[in-house]
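Undergrad: Okay, handing you the structure first.
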Amino acid sequence: TTLLLLNGPNLGILGQREPEIYGHDTLDDIAGYVADEVAGAGWKVVSVQDESEGELVRAVHAHRFSTIGAIVNPGALMIAGWSLRDALAAYPRPWIEVHLSNVWAREQFRHESVIAPLASGVVVGLGALGYRLAARALLQLCDTDAA
Ligand code: DQA
């Protein structure tokens, strides 16, 4: 059983990227935290990060039937990532949107997400802990014999 961890543009440089906003953990650290959360259930994690929306769409397609659920941080694609939105609309399993920062406390342009209405839930503002919490939520939401 495999969980998809999908991260969009600019999230591959976590740890160095505006650490006062996004924290000091790297994406590898975060993938490790998620893996730790789900290991007890026997789940593995496939982690995909890309700067381009097309590659993220491809990843959603590629893992559509081989993953039990997904954690998605779309980065700035939250704002107008319509193709990613449509790919996730066709993703048949539960998934959770995560933002490290509290987007509601930031610039106005970060206050809307085109993908959030499709998510099972959204975690914002809790840093790397948000990914852990999303993983825990998916353990509960996902039927473990489905993938
Ligand atoms: C982010 C918030 C987005 O507004 C921003 O574009 C990011 C990171 C977050 O995790 O807080 O790239 O998704």
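With UniProt numbering, the residue at position 50 of the sequence shown is 51, and numbering never jumps. Note that CB positions come from ideal geometry on N, CA and C, so glycine has one too.
1. Which value, in whole angstroms, describes the spacing of the CA atoms of L34 and A136?
2. Do G126 and G138 have their beta-carbon atoms positioned less than 8 Å apart in this structure?
3. Does L4 come out as helix, strand or coil in the three-state DSSP assignment?
4. So H64 and V47 are in contact, right, with Cβ under 8 Å, and what is the actual spacing, rounded?
5. Compare the beta carbon distance of L57 and G9 with 8 Å and say whether it is the shorter of the two.
6. Does at least one heavy atom of the ligand DQA sit under 7 Å from the Cβ of H62?
7. Could you tell me how far apart the beta carbons of V124 and I97 are, in whole angstroms, since I believe they sit closer than 8 Å?
8. Give the C-beta separation of L12 and V49 to the nearest angstrom, bearing in mind that I take them to be a contact with Cβ-Cβ under 8 Å.
9. Secondary structure at I80, three-state DSSP: helix, strand or coil?
TA: In short, the structure shows the following:
1. Here residue 34 is taken as the residue at index 33 of the sequence shown, counted from 1. Here residue 136 is taken as the residue at index 135 of the sequence shown, counted from 1. Per the sequence shown, the amino acid found at residue 34 is Tyr instead of Leu. Roughly 9 Å between the two C-alpha positions.
2. In the sequence shown, the residue the question calls residue 138 occupies position 137. In the sequence shown, the residue the question calls residue 126 occupies position 125. In the sequence as displayed, the identity of residue 138 is Ala instead of Gly. Contact flag unset, no.
3. Along the sequence shown, one-based indexing puts residue 4 at 3. DSSP places L4 in strand when its eight states are reduced to three.
4. By one-based count along the sequence shown, residue 64 stands at place 63. By one-based count along the sequence shown, residue 47 stands at place 46. That belief holds up - the Cβ atoms of H64 and V47 are roughly 6 Å apart, short of 8 Å.
5. For the purposes of this step, residue 57 is identified with residue 56 of the sequence shown, where counting begins at 1. For the purposes of this step, residue 9 is identified with residue 8 of the sequence shown, where counting begins at 1. Result yes, Cβ atoms of L57 and G9 sit closer than 8 Å.
6. Working through the sequence shown from its first residue, we reach residue 62 at position 61. The answer is no for H62.
7. Here residue 124 corresponds to residue number 123 of the sequence shown, with the count starting at 1. Here residue 97 corresponds to residue number 96 of the sequence shown, with the count starting at 1. So it is a contact: roughly 7 Å between Cβ atoms.
8. Residue 12 sits at position 11 when you count from the first residue of the sequence shown. Residue 49 sits at position 48 when you count from the first residue of the sequence shown. About 11 Å separates the two Cβ atoms, so there is no contact after all.
9. Along the sequence shown, read from residue 1 onward, the residue named residue 80 stands at position 79. Correct three-state label for I80: helix.
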